[in-house]
Amino acid sequence: MAEPSPPPPAFFQERLDALVGSPMGSGTPNVAPDPVNQPMIRHWAAAFEDGNPAYVDAEFAESSRFGGIVAPPLMLQTWTMATPMITGIKERGGAPLPSNDRGPLSVFDEAGFVGTLASNSEFEIHRYLRLGETVSARTVIESISAEKTTRIGVGHFVTWVTTYAVDAGPDEAGEVVGIQRFRILKFKPGSAA
Amino acid sequence: MSNRRTLTLGDVSVGDQLPELVIDMTATVVVAGAIATRDFMPVHHDRNYANAQGSPEIFMNILSDTAYCSRFVTDWAGPEAMVKSLKIRLGGPAYANTVLTYSGSVTSVDAVDGGEANVEVTFLAVNELGQHVSGTMVINLPAG
């Protein structure tokens, strides 16, 4: 396959600017396959050896400021992770599900920015989740930087923002329970000075 | 089991050091964290795959990072400390068969309504390769 020739810089920047505000994924909210539940919380607490009784001890939790069991706050992202199709996951480069959608970031890959490095993750927790609540997540691209020279090469920082809500429906925004900002660098491998 | 008493405004001052959290990052720890956060990316459980991607070992996923950050702070502050925000900057990977050490200190204390307090902790986690994550977390402490 021939190397794609890089687009003129002004045109490329226009394509990047057009991505800001566009959804990651299908554009419909990503709804958690299961409501917040004790077995998944117990599994999480065991994996990280987090002994906080507010997550697993009903008697403690009821007498605490939470008034009942709460999910670990940083478990927020876990609830809406895709249920994977294990067969073929390696061949798909780790993508949990097969997809024909190349996604908004394919603009970078076409221009040679094929490397991806996670840079920052930020959470605002508005309130803790309780057993039985169903979380949904909506993710849009928030910003794309101008081209930067970094120690691993030239690239653009891309930030997307995920809004987590409960009781969201097709026409209901629901109650926002948390916000996550995630930043990656899309870079050209081998372009480091 | 963490200490069941939760710190309050009067217990905390700027400059207080948190007890270190040391994680012996075995392959089991990496895999347990990845699966508990429902992250099935092969780089977090399959060493052959990680090698083919240019990594010497499987490595911890980012959802595990944020999990350990919250445990580091609430182990110290107590079970009723409420996480308000977390900001982390990612450095080098946390490969299996390394040791990851979290350290941090209190960088601000603000009294809020009704005797509660918002406390900012600034922290760092390092391993044999150097800095793995750095960041800040704000927690809310209950009224005394």
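For the record, the sequence lines run as chains A and B. Here the first sequence stands for residues 1 to 193, numbered as in the numbering used here. Here the second sequence stands for residues 1 to 144, numbered as in the numbering used here. For each residue, glycine too, the CB sits at the ideal point set by N, CA and C. No experiment lies behind these values; they were computed from the predicted model shown.
Hey, quick one: how far does the beta strand (DSSP E) through residue i stretch, first residue to last?
i: B:ASP110; result: 98–111
i: B:GLN131; result: 130–141
i: B:ARG124; result: In the sequence under discussion, the amino acid at residue 124 of chain B is Leu, which differs from the Arg named in the question. From DSSP, the beta strand (DSSP E) with B:LEU124 extends over 117–127.
i: B:ASP24; result: 21–25
i: A:PHE66; result: That residue, A:PHE66, is in no beta strand (DSSP E); it is neither H nor E in DSSP.
i: A:ASN120; result: 115–125
i: B:ARG89; result: 82–90
i: B:THR74; result: Premise fails: B:THR74 lies in the alpha helix (DSSP H), 62–77, not in any beta strand (DSSP E).
i: A:LYS148; result: 148–150
Opposite residue i in the DSSP bridges: which residues?
i: A:GLU160; result: It should be pointed out that residue 160 of chain A corresponds to Trp in this sequence rather than to Glu. Per DSSP, A:ILE141, A:PHE182.
i: A:GLU175; result: A:VAL166
i: A:ASN30; result: A:ALA137
i: B:GLY15; result: The partner list for B:GLY15 (beta bridge, DSSP) is empty, contrary to what the question assumes.
i: A:PRO84; result: In the DSSP output, where bridge partners are listed per residue, A:PRO84 has none listed.
i: A:PHE12; result: BP columns for A:PHE12 are empty, so no partner.
i: A:PRO23; result: A:VAL140
i: A:GLY224; result: Nothing can be reported for residue 224 of chain A, as the shown portion of chain A is limited to 1 through 193.
i: A:VAL70; result: A:ARG130
i: B:PHE40; result: Its beta-bridge partners do not exist; DSSP assigns none.
i: B:TYR95; result: B:PHE59
Who are the near neighbours of residue i in its chain, counting only those whose CB is closer than 6 Å to its CB and skipping five residues on each side?
i: A:ASN30; result: THR80, ALA137
i: A:MET85; result: LEU97
i: A:VAL107; result: ARG15
i: A:TYR164; result: LEU76, VAL135, ALA137, VAL177, GLY178
i: B:SER85; result: VAL138
i: A:ALA71; result: VAL36, ILE41, LEU129
i: A:LYS188; result: GLY112, PHE113, GLY153, VAL154
i: A:PRO197; result: No answer is possible for residue 197 of chain A: it lies beyond the span of chain A, which begins at 1 and ends at 193.
i: B:ASP65; result: VAL133
i: A:GLU49; result: none
Excluding the 5 residues flanking residue i on each side, which residues of the same chain have their C-beta closer than 7 Å to its C-beta?
i: A:SER145; result: HIS156, PHE157
i: B:GLN131; result: GLY91, GLY92, LEU124
i: B:THR6; result: ALA77, GLY78, PRO79, GLU80, ALA81, LEU141, PRO142
i: B:LEU153; result: This structure cannot settle anything about residue 153 of chain B, because the visible part of chain B is limited to 1 through 144.
i: B:VAL43; result: TYR49, ALA50, GLN53, SER55, ILE58, PHE59
i: B:LYS87; result: GLY135, THR136
Return the first residue and the last residue of the alpha helix (DSSP H) that residue i is part of.
i: A:ARG42; result: 38–47
i: A:THR78; result: 76–79
i: A:ASP109; result: 106–110
i: A:ALA95; result: Here A:ALA95 belongs to no alpha helix (DSSP H), and DSSP marks it neither H nor E.
i: B:SER48; result: Per the sequence shown, residue 48 of chain B should be read as Asn rather than Ser. B:ASN48 -> alpha helix (DSSP H) spans 47–52.
With a threshold of 8 Å on Cβ separation, who are the neighbours of residue i within its own chain once the five nearest residues in sequence on each side are excluded?
i: B:ALA117; result: THR8, LEU9, VAL12, VAL109, ASP110, ALA111, ASN140, LEU141
i: B:SER2; result: Bear in mind that a pLDDT of 46 at B:SER2, under 50, signals an unreliable position, so the model cannot answer this.
i: B:GLY104; result: GLN17, LEU18, PHE72, VAL73, VAL121, THR122, PHE123, LEU124
i: B:HIS150; result: Here chain B comprises residues numbered 1 to 144, so residue 150 of chain B is not present and cannot be evaluated.
i: A:SER121; result: GLN180, ARG181, PHE182, ARG183
i: A:HIS126; result: VAL176, VAL177, GLY178, ILE179
i: A:PRO33; result: THR83
i: B:ARG89; result: VAL133, SER134, GLY135
i: B:ASN227; result: There is no way to answer for residue 227 of chain B, as the model of chain B reaches only from 1 to 144.
i: A:GLY103; result: MET24, GLY25
Chain E partners of residue i, CB-CB under 7 Å?
i: B:PRO142; result: Given the protein chain composition of this structure (A and B), no chain E is represented.
Contacting positions in the segment 82–115 of chain B - beta carbon closer than 9 Å to chain A:
MET82, VAL83, LYS84, SER85, LEU86, LYS87, ILE88, ARG89, LEU90
Decide if the segment 60–69 of chain A is in contact with the segment 100–114 of chain A; the criterion is three or more beta carbon pairs, one per stretch, under 8 Å apart.
No: fewer than three Cβ pairs fall under 8 Å.
Going along the segment 42–61 of chain A in order, which residues come within less than 8 Å of chain B, judged by CB to CB distance?
Only HIS43, TRP44, ALA46, ALA47, PHE48, GLU49, ASP50, GLY51, ASN52, PRO53, ALA54, PHE60 from the segment 42–61 of chain A bring a Cβ to less than 8 Å from some Cβ of chain B.
Would you check if there are 3 or more beta carbon pairs closer than 8 Å linking the segment 164–181 of chain A to the segment 108–118 of chain B?
no
Residues within the segment 33–64 of chain B neighbouring chain A, beta-carbon criterion of under 8 Å
GLY33, ILE35, ALA36, THR37, ARG38, ASP39, PHE40, MET41, PRO42, VAL43, ASP46, TYR49, ILE62, LEU63, SER64
Do the segment 10–21 of chain A and the segment 43–56 of chain A meet, that is, are 3 or more Cβ pairs less than 8 Å apart?
With a cut-off of 8 Å, the segment 43–56 of chain A and the segment 10–21 of chain A do not count as touching, because too few Cβ pairs lie within range.
Give, in chain order, every residue of the segment 118–134 of chain A whose Cβ lies closer than 8 Å to some Cβ of chain B.
ALA118, SER119, ASN120, SER121, GLU122, PHE123, GLU124, ILE125, TYR128
Are the segment 22–30 of chain B and the segment 181–189 of chain A in contact at 8 Å, needing three or more beta carbon pairs?
Contact fails: fewer than three Cβ-Cβ distances are below 8 Å.
Scan the segment 94–113 of chain A for residues whose Cβ lies nearer than 7 Å to a Cβ of chain B and list them as they occur along the chain.
GLY94, PRO96
Mind listing which residues of the segment 65–80 of chain B have their C-beta closer than 8 Å to chain A's C-betas, in chain order?
ASP65, THR66, ALA67, TYR68, CYS69, SER70, ARG71, THR74, ASP75, PRO79, GLU80
Taking a Cβ distance cut-off of 8 Å, strictly less, list which residues of the segment 70–81 of chain A are near chain B, in chain order.
PRO72, PRO73, LEU74, MET75, GLN77, THR78, MET81
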